[in-house]
Amino acid sequence: MTAALLQVRGLTKRYLGLTAVDDVSYEVEAGTVVGLIGPNGSGKSTIVDCISGFQPADGGRWFLDGHELTGLSPHRVARAGMTRTFQTVRAYDELTLLDNLCVAAQESDGVGWLQALGRGPRLRGAEAAAEARGRNLLATVGLAEYAGAPAGILSYGQRKLLTIAASMMARPRLVVLDEPVAGVNPTMIRRIEQVIHQLNAEGVTLLIVEHNVDFIMSLCRRVIVLEAGRTIADGAPAMIRSDPRVLAAYLGQRGAAELGHGRR
Amino acid sequence: MRAGWLRALLVVLGVAALFAIPRVTGNEYVLALGVSFATFSVLSGGLNLVYGYTGLLSFAQVGFFGIGGYTAALLVTEQGWSLGTAAAAGGVLAALVGLVIGYSSLRLSRHAFAIVSLSFALLCLLVALEWVSLTRGAMGIPGLPIPTVSLPGGLRWRLGRPADFYYLLLGFAVVAHAVIYLVVTSRLGRAMRAIKLNEPLAQSQGVNPLSYKLLAIALSALLAGMVGGLFVFYLTIVDPSIFDFYYTETMLIMVIIGGPGSFWGVLGSSAALAALPDLLRFTTDLRMVLYGAVLIAAMLLFPGGVGGWLQRRRLARWRRPGVMAR
């Protein structure tokens, strides 16, 4: 068996006295879509912030395709091939959709500052390639007709789609989506689900952090469940659904017991 | 494409018209206004690069301006350097200082940078007053000689008439704005705007904010230092008043009224605001009151500056019914 694309070992993060993430280890195999769920405050987003370099971890190491990412700053993590989206939707409102996407590609195409200022054939080639990829991705997420519009005009759900497209621009090995469907209406959720399937079919590996359990259960073949900073389950959705610890985490001990006895 | 050519033509005609002014009128007052516009437009253009495009509020521009002025004055009077090399050296020194204060404070936050840049400007004033053996204190360095600039082809241009300084500073301003324009319209400018609009998002896409911020600071410091080096020879004196808060205030007003992040907006407001205090001279008593009234009116009409107003109109066009219909 080959090594996993993402390996996280013993990740720990403490805030003053509170241990938000406690010795969490997991792996993500190349080509898969893995879900990361857990109740509020279970440490999901902290894990994303730590492995993407936005927060320093207090312990643990993590690797992308064998290259250590531990302690790298966010832009270095992105350049190493792991990009992420944010829970709070982030976009460059004043830039066009196409520029929103092209920015996300420009640091990985090897064209330097002087070449960018000189506007030679190398730059024009790289920018044309980025533009073509950007238009393709906009078509994938269904925003092609607004390519020249500023991102500020988009609705909340459309902005979520734009950020997913942007996270794909630099052809990353792994994309971490932080709550891609939080606050999105059901029609748009189906759209996002299709987009994720399509991108995965094109070879992108995804790690999806979500609140929406149904969304994750239908999308992922493997789900990791966190509670209070620890991994309490890791497996196929069917197994997760019946895991007593998962039920206890979501419904409380009593609720799980009642469900277990079929009484409700 | 056609709009691009039209704009290029307008720019060429505008610059040619500005260069033709001394031929039309020998009025020294008009030329003085022109010098003031050229100088301030370089300062506000640099501030726009740092604040308008990259999102870093900076009070350090006046410090770079004065460092350039002092450096050039000292190199010419004490070391016998030519004006061109002395002003260039002033710009390079200002850029290096900019890199030091930028690198040390930006590792904390952009707010730290704003505070450090303010302290830096005040420190410059203090150094100019107290380091008497170098700067001659409050007296400054008066009586700067009439400089001679060597031109290509062995020509030597002695800047003896007011029109000469007008040509020199206007020429430098054209070059400075061309450089700024080249940067902000390139994808480096796009990355700077991305950093201003949403820094964590830019980081998550591989953009290193620190390097772009340092580029913006160093370039604006270089231009401010060089224009300072040239401007003090027009004044024929450099003294601690070159670090006066008046310069900072004027630059900030020009950028805010013009619209942070709008190249043409800030250039236009620099021209308007360089001329405005003098256009209001017809009423000596109410002059500054009217100046204040114009600024208030501008902020009420254009809360995001002229550039921000144009941006909003662009947004409104996309929001018109029908355009967004699925």
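In order, the protein sequences belong to chains A and B. Going letter by letter, the first sequence gives residues 1 to 264 in my numbering. Going letter by letter, the second sequence gives residues 265 to 590 in my numbering. Ideal placement from N, C-alpha and C gives every residue a C-beta, glycine not left out.
Judged by their CB atoms, A272 (chain B) and Y334 (chain B) are not nearer to each other than the 8 Å cut-off.
A Cβ of chain B is located within less than 8 Å of the beta carbon of R90 (chain A). By the Cβ-count criterion, L565 (chain B) is exposed, with fewer than 16 other Cβ atoms from all chains shown falling within 10 Å of its own Cβ. E68 (chain A) carries a strand assignment under DSSP once its states are collapsed to helix, strand and coil. Straight across, the Cα-Cα distance linking V276 (chain B) with E202 (chain A) is about 50 Å. Residue environment: R124 (chain A) is assigned as exposed (fewer than 16 neighbouring CB atoms within 10 Å of its CB, all protein chains considered). Of the residues A:L219, A:L98, A:V204, the one whose Cα lies closest to the Cα of A129 (chain A) is A:L98.
As for any alpha helix (DSSP H) of minimum length 4 sitting wholly inside the stretch 347-412 of chain B, the runs are 347-370, 374-394, 396-399, ordered along the chain. The beta-carbon distance between G35 (chain A) and L199 (chain A), rounded to whole angstroms, is 15 Å. This is too long to meet the 8 Å contact definition. The continuous alpha helix (DSSP H) containing S167 (chain A) extends over residues 156-168.
Residues are counted here when their Cβ sits less than 8 Å from a Cβ of chain B; for the stretch 121-139 of chain A these are L123, E127, given in chain order. For the pair of segments examined, the stretch 565-580 of chain B was found to touch the stretch 525-536 of chain B: the number of CB pairs separated by less than 8 Å reaches three. Rounded to the nearest whole angstrom, the C-alpha separation of R451 (chain B) and V103 (chain A) is 8 Å. A Cβ-Cβ distance of about 6 Å is found for the pair L461 (chain B) and D93 (chain A), placing them in contact under the 8 Å criterion. Rounded to whole angstroms, A249 (chain A) and H211 (chain A) show a C-alpha spacing of 13 Å. M490 (chain B) and S383 (chain B) have their C-alpha atoms some 22 Å from each other. Setting aside the 5 residues that flank it on each side, N100 (chain A) is surrounded in the same chain by A91, Y92, A151, L162, A166, each with a C-beta closer than 7 Å to its C-beta; the list follows chain order. Shown here for A182 (chain A): same chain residues with a beta carbon closer than 8 Å to its own, the five before and five after excluded, namely Q87, E210, H211, N212 in chain order.
Using a Cβ-Cβ cut-off of 8 Å, L69 (chain A) does not count as an interface residue toward chain B, since no Cβ of chain B sits closer than that to its own.
Comparing alpha-carbon positions, the option among B:A337, B:W421, B:P416 lying closest to V496 (chain B) turns out to be B:A337. By the C-beta criterion, the stretch 36-45 of chain A is judged not to be in contact with the stretch 141-157 of chain A, since fewer than 3 inter-stretch pairs fall below 8 Å. Taking the beta carbon of S450 (chain B) as reference, the chain A residues within 8 Å of it are A116, L117, R119, listed in sequence order. Contact annotation: the stretch 338-348 of chain B does not touch the stretch 481-488 of chain B, with fewer than three C-beta pairs closer than 8 Å. For E193 (chain A), the enclosing alpha helix (DSSP H) has its first and last residue at 186-201. Counting C-beta atoms within 10 angstroms of its own C-beta, M515 (chain B) has 16 or more neighbours from the protein chains shown and is therefore classed as buried.
For I153 (chain A), a Cβ of chain B is located within less than 8 Å of the residue's own Cβ. When Cβ-Cβ separations below 8 Å define contact, Q198 (chain A) makes no contact with chain B. Residues of chain A whose Cβ lies closer than 7 Å to the Cβ of S484 (chain B) do not exist, since the nearest Cβ in that chain is about 16 Å away.
Between the stretch 219-231 of chain A and the stretch 168-180 of chain A, the count of Cβ pairs shorter than 8 Å is below three; the stretches do not touch.
No Cβ-Cβ contact shorter than 8 Å links L295 (chain B) with A539 (chain B).
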